[in-house]
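Residue 55 in the UniProt record's numbering is what sits at position 55 of the sequence shown, and the numbering runs on without skipping anything. Below: one structure, written as structure tokens.
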Amino acid sequence: MTANDLEARILEFHEYGLWNELAVQSPQGTIFHNSDYLQVVADASSSKLKIYGCFKNDELLGGCSLFVKDWGGVVSYAVSSGPLTPYGGFLLPGPDTSKVRESELVQHGIINTLCDSIREDRYSSITITNSPDLADIRPCLWRGWKGSVAYTYYIDLEGNFSERFSKSVRREVRKAEDTGLHIEKLNDAATHHKLLTQVFDRQDQDTPVEENFFTSMLGLTERKKCGGMWVARDESENILTSRIWIWDNKRAYAWSAASNQEFRDSGANRLLFVSLLEEMQKMGFHQVNMMHGNTQRLSYHAAGYNPILVPYYSVARRDFVYNLASTIQTAIKNRR
1 MTANDLEARI LEFHEYGLWN ELAVQSPQGT IFHNSDYLQV VADASSSKLK
51 IYGCFKNDEL LGGCSLFVKD WGGVVSYAVS SGPLTPYGGF LLPGPDTSKV
101 RESELVQHGI INTLCDSIRE DRYSSITITN SPDLADIRPC LWRGWKGSVA
151 YTYYIDLEGN FSERFSKSVR REVRKAEDTG LHIEKLNDAA THHKLLTQVF
201 DRQDQDTPVE ENFFTSMLGL TERKKCGGMW VARDESENIL TSRIWIWDNK
251 RAYAWSAASN QEFRDSGANR LLFVSLLEEM QKMGFHQVNM MHGNTQRLSY
301 HAAGYNPILV PYYSVARRDF VYNLASTIQT AIKNRR
């Protein structure tokens, strides 16, 4: 296969089924690539969803999902991440480990063809953050794009995984159990958003998403059977903490967590997290993405579960218009 055999274009809505099948089959494919999930995130971020597909004849071999925004009709942004969505980006066919050179040529050809198509749309700023299963971003680097790395943590659910947790984690879980806390499934977007608002209020920050985002996402998880919301209650039926987890055919994701700040030292958050790990194991999952690893505070919290640190990579390109607009914006802020 050569680059001349490939063609890339934006997929039509009726082709999203092909994209979703590719997301299931591709090593890079995640719930964050599913078109229904992507549309919920696009709506929440006031973005336009564009999915680029790379074809050989009529066969969809790869692709890239992007959220697109315009600023004043002059500057346009294209990104693969969004609210509570750390990555998306390129999907490629699985490599043939017995033919490394041939596999690299195929995968590099797909990435280059997609990059050509994306550049033709003349975005002022492009940032493609890829799933951890795409380690080879060299085609973009060789084109002059800038690369960067971020991190997440995976928890291995094989065997009696809780024995690998730190003593402090296990002690907090036992404390919460001894006080009579109990877990239940409760798809209540308003409750989750209210608790999340408490978390951000305590940090003097605005809540990053609206309640309707959780309403739409919980509706999606209910329809597609790809996630749900659980809460921990005390004996007085107060909700102490809430978690929304989602999953795909590869792993589960600790997607969003919130807690009642009056009870943040109750151990309820640890208990709910460990209970959901046990639930995921029963459901047949072997791995959970903890969905954080890039801030010191959350990384310290995560380390108690003895997880695996996993990198994932971004590539970015900025044009002159974007750089000029950024310079002007910075100058205006500095004058205030």
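The beta-carbon is built from N, C-alpha and C at its ideal position, and this holds for glycine as well.
- Inside the UniProt domain "BioF2-like acetyltransferase" (164-295), DSSP marks whole alpha helix (DSSP H) runs of 4 or more residues at positions 167-178, 189-202, 211-224, 268-282, from first to last along the chain.
- In the DSSP assignment, Ser47 falls outside any beta strand (DSSP E) and carries neither an H nor an E.
- Rounded to whole angstroms, the gap between the alpha carbons of Leu271 and Glu177 is 7 Å.
- The beta-carbon separation of Lys69 and Ile10, rounded to 16 Å, does not stay under the 8 Å limit for a contact.
- Counting only runs of 3+ residues, the beta strand (DSSP E) found wholly inside the region 114-159 occupies 125-129, 146-156, in chain order.
- By the criterion of a C-beta distance shorter than 7 Å, Asp96 is surrounded in its chain by Glu102, Ser103, once the five residues flanking it on both sides are discounted.
- Taking all protein chains in view, the Cβ of Arg223 is surrounded by fewer than 16 other Cβ atoms within 10 Å, so the residue is classified as exposed.
- C-alpha of Asp265 to C-alpha of Pro27: approximately 39 Å in a straight line.
- For the pair Leu61 and Val106, the CB atoms are nearer than the 9 Å cut-off.
- Counted as a single uninterrupted DSSP element, the beta strand (DSSP E) harbouring Tyr77 occupies residues 75-79.
- Distance between Asp156 and Arg164, taken at the CA atoms: about 10 Å.
- Only residues of its own chain outside the window of five on either side were considered, and among them Ala8, Tyr52, Cys54, Cys64 have a CB closer than 6 Å to the CB of Leu114, listed in chain order.
- Following the DSSP letters along the chain, one finds Tyr16 in no beta strand (DSSP E) but inside the alpha helix (DSSP H) bounded by residues 16-25.
- For Phe32, there is no enclosing beta strand (DSSP E), as DSSP gives it neither H nor E.
- Using a Cβ distance threshold of 9 Å, Phe273 and Ala252 do not count as a contacting pair.
- Asp204 has its alpha-carbon roughly 38 Å from the corresponding atom of Leu91.
- Using a 10 angstroms sphere on the CB of His14, the tally of other CB atoms stays under 16, which defines it as exposed.
- For Thr127, the number of other beta carbons within 10 angstroms of its own is at least 16, and it is reported as buried.
- Just so you know, the alpha carbons of Gly267 and Lys99 end up roughly 51 Å apart.
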